[in-house]
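Residues in the sequence shown are numbered from 0 upward in steps of one, following numbering that gives the first Met the number 0.
Each residue gets a CB set at the ideal place from its N, CA and C atoms; glycine is no exception.
Since the structure is predicted, the reported quantities are computational estimates derived from the model, not experimental observations.
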Amino acid sequence: MAAATLDHESSAGQDDSTGQIITFYSYNGGVGRTMAVANVAWVLARAGKKVLTVDWDLESPGLHRFFHPFLRDKNLHETEGVIEMIRRFSDAMTGNDDDPLETTDLHTYTVPLEWDFGTGRLDFLGAGRQSPQYSRIVSTFDWDAFWRARGSKFFPELRRQMLDQYDFVLIDSRAGLADTAGICTVEMADTVVCCFSMNMQSVNGCAAVASSIKRTREARGQAARILPAAVRVDGDEIGVLGGNTGGYVRQRFDRIVRNAGMDDLDAYWRACEIPYKRSYSYGEMLAEFADHPRRGNDLQSAYERLSGVVAGFPCTTAPIAAAERKRILAEFESQMLRPTATPTPPRAFISYVREDTEAVDRIAEALRLVGIDVWLDRTHLKAGDRWTEVIRTAISEGDYFVACFSASYAGRKATYMNEELLIAVEQLRRRPRDRRWFIPLTLDGSDIPKIPIGADETLEHLHRLDFSGDWSRSIADLVKSVVEYR
Numbered sequence: 000m001a002a003a004t005l006d007h008e009s010s011a012g013q014d015d016s017t018g019q020i021i022t023f024y025s026y027n028g029g030v031g032r033t034m035a036v037a038n039v040a041w042v043l044a045r046a047g048k049k050v051l052t053v054d055w056d057l058e059s060p061g062l063h064r065f066f067h068p069f070l071r072d073k074n075l076h077e078t079e080g081v082i083e084m085i086r087r088f089s090d091a092m093t094g095n096d097d098d099p100l101e102t103t104d105l106h107t108y109t110v111p112l113e114w115d116f117g118t119g120r121l122d123f124l125g126a127g128r129q130s131p132q133y134s135r136i137v138s139t140f141d142w143d144a145f146w147r148a149r150g151s152k153f154f155p156e157l158r159r160q161m162l163d164q165y166d167f168v169l170i171d172s173r174a175g176l177a178d179t180a181g182i183c184t185v186e187m188a189d190t191v192v193c194c195f196s197m198n199m200q201s202v203n204g205c206a207a208v209a210s211s212i213k214r215t216r217e218a219r220g221q222a223a224r225i226l227p228a229a230v231r232v233d234g235d236e237i238g239v240l241g242g243n244t245g246g247y248v249r250q251r252f253d254r255i256v257r258n259a260g261m262d263d264l265d266a267y268w269r270a271c272e273i274p275y276k277r278s279y280s281y282g283e284m285l286a287e288f289a290d291h292p293r294r295g296n297d298l299q300s301a302y303e304r305l306s307g308v309v310a311g312f313p314c315t316t317a318p319i320a321a322a323e324r325k326r327i328l329a330e331f332e333s334q335m336l337r338p339t340a341t342p343t344p345p346r347a348f349i350s351y352v353r354e355d356t357e358a359v360d361r362i363a364e365a366l367r368l369v370g371i372d373v374w375l376d377r378t379h380l381k382a383g384d385r386w387t388e389v390i391r392t393a394i395s396e397g398d399y400f401v402a403c404f405s406a407s408y409a410g411r412k413a414t415y416m417n418e419e420l421l422i423a424v425e426q427l428r429r430r431p432r433d434r435r436w437f438i439p440l441t442l443d444g445s446d447i448p449k450i451p452i453g454a455d456e457t458l459e460h461l462h463r464l465d466f467s468g469d470w471s472r473s474i475a476d477l478v479k480s481v482v483e484y485r
């Protein structure tokens, strides 16, 4: 099972802090797990607690959509998160940095929700910046290399910061048996809320994973507080778990509930079932705004009861003023109708001489594979173009200028590449010094020309990439320079 796949020293349950890290897990997707995370977090923050929500569903992030009206960067096009934090830690470990743990600064990655919670607070840590390259960054991350590079040091530090700064940390885990689900349920969590729907696959899958978590944690001498929760329960099934007709579901989970210290099983199940409401199927909304007035069988009341079980104290919130509720609800509804904005792929202009076309094509293809829009003269210039104007525009509007130097370039007395370099250097002088833009590389170990770039510097002062040795490593370094910085 997922929980048993990680064979590293866990940090969960080893802190003296009174805070709690609670992972919400489901065996399959589409059961309402993410919605439960968002609503329970909202209830706890409204109850005056300092709460952090974490979207650790790296392959399919979506928690931010429930917080859309309260985020400045609503689609996370510029907001970094979990994957950037982990990548930087991994790079720091393999690079033998003095203090790789400096990359684990929560303040760098968390953003507050813009709402008056009184004495409470609700912050958000996303899965990562939702750029065109995001899926490739996640799918190609080498978790084995991460663990080999002593990645297990990452999680105790992350836990320490979370517990120092928050009363409750709610993690939205990946569904199924992925390694990242094991990280969330074993390495990080004090409590695991296992969300299931009322079908055999979901019930059996959740029960099996819950047992796996329990065995793994007990083998490490750690407590295993696991709370099953029935979500998206159809109207005909409401109340079934809280009575004698709970049947098969109760057989699978009652022992787990008792192990969590719950004595009144009927009361537990009445508090841990979330009804299915069809109106919520059309988009992501918080029940606080979509349910009004409260009728007892509404979602907001159900999430308050679940929050009380998870937190260990009664959680009820005063209704929000009608005008404000309608205003926020309108924002949620407008988001459903508005197509998700797609970020523009970053653009890279590649400057080269014709003799190096084959090598340049390999470089261009590597950049395209990670979502970079590559500009090459022979593919973008059309008959009749005023080429100097077109090239000047392409260079000035590009996110990167990649200059490919070689013996072939050095041997040419005149070349269009020199025209491109003059335009690029002019642009470089106008750009902030701390913004990487001009990337020089040598294809065969040739020297970088001493072209002045201002402030008594030449192109030689810019760090270059050398493709004369390990080509694969050089390609990886170039991709990292372009993808990770932006």
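Query: Drop a sphere of 10 angstroms on the beta-carbon of T139, count the other beta-carbons inside from all chains shown, and report buried for 16 or more, exposed for fewer.; Result: exposed
Query: Given 8 Å as the limit, is there contact between the region 120-127 and the region 73-93, that is, 3 or more CB pairs closer than that?; Result: yes
Query: How should H76 be labelled, buried or exposed, when 16 other C-beta atoms within 10 angstroms of its C-beta is the threshold for buried?; Result: exposed
Query: Do the CB positions of Y408 and V359 come within less than 9 Å of each other?; Result: no
Query: With distances taken from CA atoms, which of T190, L440, I212, V248 is nearest F404?; Result: L440
Query: By a C-beta neighbour count over all protein chains shown, 10 Å radius and 16 as the cutoff for buried, is P318 buried or exposed?; Result: exposed
Query: Please tell me whether I490 and L421 are closer than 9 Å, where the distance is taken between their beta carbons.; Result: The structure shown has nothing for residue 490, since the chain only spans 0 to 485.
Query: In the DSSP assignment, the alpha helix (DSSP H) including I390 goes from what residue to what residue?; Result: 386-396
Query: Going by CA-CA distance only, name the one from E425, V202, H106 that's closest to P451.; Result: E425
Query: Would you call the CB atoms of D376 and P344 closer than 9 Å?; Result: no
Query: Check the Cβ-Cβ distances between G125 and every residue of chain D, and say whether any is below 9 Å.; Result: This model lacks chain D altogether; it includes just one protein chain.
Query: Run through the DSSP bridge pairs and tell me what Y399 is partnered with.; Result: A347
Query: Would the beta-carbon of Y399 fall within 9 Å of that of R432?; Result: no
Query: Following a CB-centred definition, is A347 positioned closer than 8 Å to any heavy atom of the ligand PLP?; Result: With respect to the ligand PLP, the structure shown offers nothing to examine, as it has no ligands at all.
Query: Kindly indicate which residue of A329, D262, A266 has the alpha-carbon position closest to the one of F288.; Result: A329
Query: Could you give the C-beta distance for D233 and Y279, rounded to a whole number, given that I count them as a contact under 8 Å?; Result: With a Cβ gap of about 13 Å, D233 and Y279 do not count as contacting.
Query: Would C193 and I225 be called neighbours here (beta carbons separated by less than 9 Å)?; Result: yes
Query: Leaving out the 5 sequence neighbours to the left and right, which residues in its chain are closer than 7 Å to L253 when beta-carbon positions are compared?; Result: Reading off the sequence, residue 253 comes out as Asp, not Leu. The answer, listed in chain order, is L264.
Query: Which residues bound the beta strand (DSSP E) around F167?; Result: 167-171
Query: Is Y26 closer than 9 Å to S210 when the C-beta atoms are compared?; Result: no
Query: For G124, report the span of its beta strand (DSSP E) as first-last.; Result: The question names Gly, yet the displayed sequence has Leu at residue 124. Start and end: 120-124.
Query: Is it the case that the region 50-70 contacts the region 212-232, given that we only count it when at least three CB pairs across the two stretches are under 8 Å?; Result: no
Query: Residues in the same chain with beta-carbon distance under 7 Å from A259, minus the five sequence neighbours each way, listed in chain order, please.; Result: R224, I225, L226
Query: Quick one: is P313 buried, meaning 16 or more other Cβ sit within 10 Å of its Cβ, or exposed?; Result: exposed
Query: Please confirm if the region 37-53 is in contact with the region 102-118, defined as three or more CB-CB distances below 8 Å between the two stretches.; Result: yes
Query: Write down the C-beta distance between V191 and Y24 rounded to the nearest angstrom, noting that I regard them as a contact closer than 8 Å.; Result: 6 Å
Query: Can you list the beta strand (DSSP E) stretches of 3 or more residues lying completely in the region 157-230, in chain order?; Result: 167-171, 190-195
Query: Let me know the beta strand (DSSP E) ranges lying completely inside the region 40-92, each 3 residues or longer, listed in chain order.; Result: 49-54
Query: Using C-beta distances below 7 Å, list every residue in its chain close to V487, excluding the 5 sequence neighbours before and after it, in chain order.; Result: For residue 487 there is no data in the structure shown, the boundaries of the chain being 0 and 485.
Query: Please confirm whether E323 and M284 have their CB atoms less than 9 Å apart.; Result: no
Query: Tell me which residues share the same chain as T118 and place their Cβ nearer than 8 Å to its Cβ, disregarding the 5 neighbours each side in the sequence.; Result: G47
Query: Can you tell me whether K479 is buried or exposed, with buried defined as 16 or more other CB within 10 angstroms of its CB?; Result: exposed
Query: Evaluate T78 with the Cβ neighbour count: other Cβ atoms within 10 Å of its Cβ, from every protein chain shown; 16 or more gives buried, anything less gives exposed.; Result: buried
Query: Over the uninterrupted alpha helix (DSSP H) stretch that includes S134, give me the two end residues.; Result: 133-138
Query: In or out: H67 buried (at least 16 other Cβ within 10 Å) or exposed?; Result: buried
Query: Around the C-beta of S471, are 16 or more other C-beta atoms found within 10 angstroms, so that it is buried, or is it exposed?; Result: exposed
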